[in-house]
Each structure stands twice: as C-alpha cells, then as structure tokens.
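In the UniProt record's numbering, the protein residues as written are 1 to 48. This report refers to the structure that appears directly beneath it.
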C-alpha cells in the first residue's frame, strides 16, 4: 500500500513539474537523461 502511494505521489510530482516547465513527455525524457549523465560525472569526479 505505501509503495503504491509513493508511486502515485511521484507521478503527480513529475506531472506538476512538467506542466510548470511547459515541456513535452519527450523533452522530459531528455532532461532526465542529461541529469543522469551529470550526476554520474559528478560521482565519478568525487570518487577520484
């Protein structure tokens, strides 16, 4: 039950940001992709 509530909360949060930024689903996917790359590079830089 808690897991489903958390998933629903996350979906609503993502939809809110998507509407606030006025971006499409496709743009949101690209934004997430580049965010992941930046986080990975930051982690690699911190570990070195």
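Using N, Cα and C, we set each Cβ at its ideal position, and we do this for glycine too.
**Request:** Output yes or no for whether 8 Å exceeds the beta carbon distance between residue 18 and residue 28.
**Result:** As a working note, residue 18 is residue 18 in the chain shown. As a working note, residue 28 is residue 28 in the chain shown. A contact, by the Cβ cut-off of 8 Å.
**Reduced DSSP category for residue 48 - H, G, I as helix; E, B as strand; rest coil** = The count along the chain shown starts at 1 and reaches residue 48 at position 48. Of the three classes helix, strand and coil, the one that applies to residue 48 here is coil, per DSSP.
**Prompt:** In three-state terms, what does DSSP make of residue 96?
**Reply:** Limits of the chain in this structure are 1 at one end and 48 at the other, which puts residue 96 out of reach.
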